[in-house]
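A.B. asks: The opening position of the sequence shown corresponds to residue 66 in our numbering, with each subsequent residue numbered one higher.
Just so you know, even glycine gets a beta-carbon here, dropped at the ideal spot from N, CA and C.
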Amino acid sequence: MDDIFYRKKLLRQEIRKRKALQSKEDYFSSSAMIMSGIEQLSVFQNANVILAYWSIQGEVYTHDFVRKWSQIKRILLPSVDEDTMLIKEYKSENQLISGDLFGIPEPEGSEFTDYNLIDFVIVPGVAFDRNNNRMGRGKAYYDKFLKHLTAYKSGICFDFQLVNEVPSDENDISMDIVISD
Numbered sequence: 066m067d068d069i070f071y072r073k074k075l076l077r078q079e080i081r082k083r084k085a086l087q088s089k090e091d092y093f094s095s096s097a098m099i100m101s102g103i104e105q106l107s108v109f110q111n112a113n114v115i116l117a118y119w120s121i122q123g124e125v126y127t128h129d130f131v132r133k134w135s136q137i138k139r140i141l142l143p144s145v146d147e148d149t150m151l152i153k154e155y156k157s158e159n160q161l162i163s164g165d166l167f168g169i170p171e172p173e174g175s176e177f178t179d180y181n182l183i184d185f186v187i188v189p190g191v192a193f194d195r196n197n198n199r200m201g202r203g204k205a206y207y208d209k210f211l212k213h214l215t216a217y218k219s220g221i222c223f224d225f226q227l228v229n230e231v232p233s234d235e236n237d238i239s240m241d242i243v244i245s246d
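#1: Tell me the DSSP secondary structure of S95 in three-state form.
#2: When you compare each of V243, L227, A205, K84 to I187 by their alpha carbons, which one comes out closest?
#3: Please identify the residue among E176, V131, E230, I121 whose C-alpha is closest to the C-alpha of D146.
#4: Have a look at N113 and E173 and give me their C-alpha separation to the nearest angstrom.
#5: Do A192 and N236 have their beta-carbon atoms positioned less than 8 Å apart in this structure?
#6: Go through the stretch 124-184 residue by residue and report every complete run of the beta strand (DSSP E) that reaches 3 residues or more, in order.
#7: Buried or exposed: Q122, going by 16 or more other Cβ atoms within 10 Å of its Cβ?
#8: Can you list, in chain order, the residues of its chain with a C-beta nearer than 6 Å to that of L151? Leave out the 5 residues immediately preceding and following it.
#9: Looking at C-alpha atoms only, which residue of R77, M240, P232 is the closest neighbour of Y217?
#10: Using beta-carbon positions only, say whether S135 and Y126 come within less than 8 Å of one another.
#11: From L214 to D184, what does the alpha carbon distance come to, in whole angstroms?
#12: Where does R195 land, buried or exposed, given buried means 16+ other C-beta within 10 angstroms?
#13: Please identify the residue among L227, S101, K209 whose C-alpha is closest to the C-alpha of F130.
#14: Is the beta carbon of E154 closer than 8 Å to that of L141?
#15: Pick helix, strand or coil for F225, following the three-state DSSP scheme.
#16: Out of curiosity, what's the CA-to-CA distance linking P170 and A117?
#17: Measuring straight from C-alpha to C-alpha, what distance separates L182 and K138?
#18: Considering only C-alpha positions, which residue in the set T149, K212, G220 is nearest to Y180?
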């Protein structure tokens, strides 16, 4: 078995155990602190078009952030089409539908393709390290997509998702910054 693949598998298992210990109160308060950290970044404040994500269980909670900032900035969210990540514009929660592949809520509507307009990206991950390397869930949706963007990339995670080293190779896209609680 490939060493990086195996090390990532072990790290995902370890993070899953850590997540199981997080209380609901801590989940929401830590998420609010992390998203506040994003809001304080000047690169975020100056951005007009933001690629965020609609969080699912275990990810930093982003729903309130997306609702709030969609009134002020242009917010985009991912949509998965088989093995490819697309993006669509978020206008309101009423426009969210269950995604085809994983059931993750995503915006209805046409694909947003003007990637050069994206100023700032908020990226979830299973784990990050101090060198801003990121490990996702293993399907490489974000890595494949982010290689096409020049936008500022901010990973977000809980403190227990920060590790000394994330196993990575040339296909893994690192972040410009990682914000945690």
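C.D. replies: In brief:
#1: Under the three-state reduction of DSSP output, S95 falls in the helix class.
#2: Of V243, L227, A205, K84, the residue nearest in Cα terms is V243.
#3: E176
#4: 21 Å
#5: no
#6: Listed in chain order, the complete beta strand (DSSP E) runs (minimum 3 residues) inside the stretch 124-184 are 139-146, 149-155, 161-163, 170-172.
#7: exposed
#8: The answer, listed in chain order, is S144, E176.
#9: M240
#10: Not closer than 8 Å, so no.
#11: 9 Å
#12: Around the beta carbon of R195, fewer than 16 other beta carbons lie within 10 angstroms, which makes this residue exposed.
#13: Checking every option, the nearest Cα to that of F130 belongs to S101.
#14: yes
#15: Helix.
#16: P170 and A117 have their C-alpha atoms some 13 Å from each other.
#17: 12 Å
#18: It is K212 whose Cα lies nearest to the Cα of Y180.
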